[in-house]
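Please read the structure below before turning to the comments.
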Amino acid sequence: MVLSTIALTFARCYSAVAPDTVQVGPHSTIEATFNTKGEKLSPLLQVKDEPNPMTKSFILSALAILSLALSFFYEIKPARSATPPAATSAAPVTPYAINSGEDMARTLALDVAAETRASEAEEYYIRKLDLRFKNPDYIKLAETVSKWVGTPYRYGSSSRKGTDCSGFVTSIYREVYGIDLSRSSRSMFQDVQRVQKDSLRTGDLVFFRRGPKQPIFHVGIYLKNNKFIHSATSGGVKVSSLREPYYRNYFYAAGRVN
1 MVLSTIALTF ARCYSAVAPD TVQVGPHSTI EATFNTKGEK LSPLLQVKDE PNPMTKSFIL
61 SALAILSLAL SFFYEIKPAR SATPPAATSA APVTPYAINS GEDMARTLAL DVAAETRASE
121 AEEYYIRKLD LRFKNPDYIK LAETVSKWVG TPYRYGSSSR KGTDCSGFVT SIYREVYGID
181 LSRSSRSMFQ DVQRVQKDSL RTGDLVFFRR GPKQPIFHVG IYLKNNKFIH SATSGGVKVS
241 SLREPYYRNY FYAAGRVN
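The sequence shown begins at 1 in UniProt numbering and counts up by one.
So, in structure tokens, the structure goes:
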């Protein structure tokens, strides 16, 4: 850009007529001689020949083309600013957006529906077990066993169509805790950690036998407030109390699955 500017300036200077010359013809000028004070030193005039106008036009055109060509190879880079550009703050991204009142109503409806289902499930097990739990782990156990209430007793089976005591316990532990227990009540007793009766917690196992040297014949799952759920030969899956005379007399021990 600098070189092109110099070329254009030179072209303009060349095309201008000198201030100390007087043009007397199409191809000649008369020049006067002056001293430094501007006084004319000689009355004689000197006649100088000017170059041909065609030559002059050709030179001007060449200089103009040269300046145009040079402008493509040079450019002035903008000065760097001492102040860095201000960072634009990114808009916060939300994981989801509620676009309308209808979307908000639908979201609230889903929440209400979920709470309603949870409330219905809680009311169901409370009605079936006559117990209420606050611990989420205990609630899952309560909801699961409540669905088995009323299942008939069937020796050697372990389904909702019919189950014996050990089959019921193994099915519940597999579904709620993902634990596979031994199939018989006597084998279960060998696999648990013994706990005192007054230290029973929800989910512990309770064992029964008919006498001091008699084998274990029955097992159930402790719930709370001295109540346990089991599959009895009379009545199938039901909730009973350890304070009932029959179960109080035959209660043998309690155990915790680790």
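Glycine included, each C-beta is placed from N, C-alpha and C at the ideal position.
(request) Give every residue of the same chain whose Cβ lies closer than 7 angstroms to the Cβ of E175, excluding the five residues on either side of it in the sequence, and list them in chain order. (result) T144
(message) Check this for me: beta carbons of S231 and T170, under 8 angstroms apart or not?
(response) Not closer than 8 angstroms, so no.
(message) If you follow the beta strand (DSSP E) that V239 is in, where does it begin and where does it stop?
(response) Residues G236 to S241.
(request) Could you tell me whether the region 237 to 254 touches the region 146 to 159, where touching means 3 or more Cβ pairs closer than 8 angstroms? (result) yes
(request) Work out the CA separation of N258 and S166 for me, nearest whole Å. (result) 18 angstroms
(request) Go through its chain and collect everything with a Cβ distance to R210's Cβ below 7 angstroms, but skip five positions before and after it. (result) F217 and Y250
(message) Distance check for R201 and L129, CA to CA, integer angstroms please.
(response) 16 angstroms
(message) Using CA atoms only, rank isn't needed, just tell me which of R132, L141, K134 and L63 is closest to D204.
(response) L141
(request) Locate the alpha helix (DSSP H) running through L141, then write down its first and last residues. (result) P136 to S146
(request) Identify whether T202 lies in helix, strand or coil by the three-state DSSP scheme. (result) coil
(message) Pop quiz: D191 and S184 are said to be a contact at Cβ under 8 angstroms. What is the actual Cβ separation, rounded to whole angstroms?
(response) Actually they do not touch by this definition, with Cβ atoms about 11 angstroms apart.
(request) Give me the Cβ distance between R243 and V195, rounded to the nearest whole Å; I'm assuming they're in contact under 8 angstroms. (result) Not quite, the Cβ-Cβ distance comes to about 18 angstroms (not below 8 angstroms), so this is no contact.
(message) Which residue marks the beginning of the beta strand (DSSP E) containing T255, and which one marks its end?
(response) In the sequence as displayed, the identity of residue 255 is Gly instead of Thr. F251 to R256 is the span of the beta strand (DSSP E), which, as asked, contains G255.
(message) My output table needs one value for Y177: the three-state DSSP class, helix, strand or coil.
(response) coil
(request) Take the Cβ of S158 as the centre, count every other Cβ of all protein chains shown within 10 Å, and call the residue buried at 16 or more, exposed below. (result) buried
(request) Quick one: residues in its chain with C-beta nearer than 8 angstroms to the C-beta of P215, no 5 flanking neighbours on either side, listed in chain order? (result) R186 and R209
(message) Taking a contact to mean a Cβ-Cβ separation below 8 angstroms, would you say I139 touches I172 in this structure?
(response) no
(request) Go through its chain and collect everything with a Cβ distance to R248's Cβ below 8 angstroms, but skip five positions before and after it. (result) So the qualifying residues of the chain are L242.
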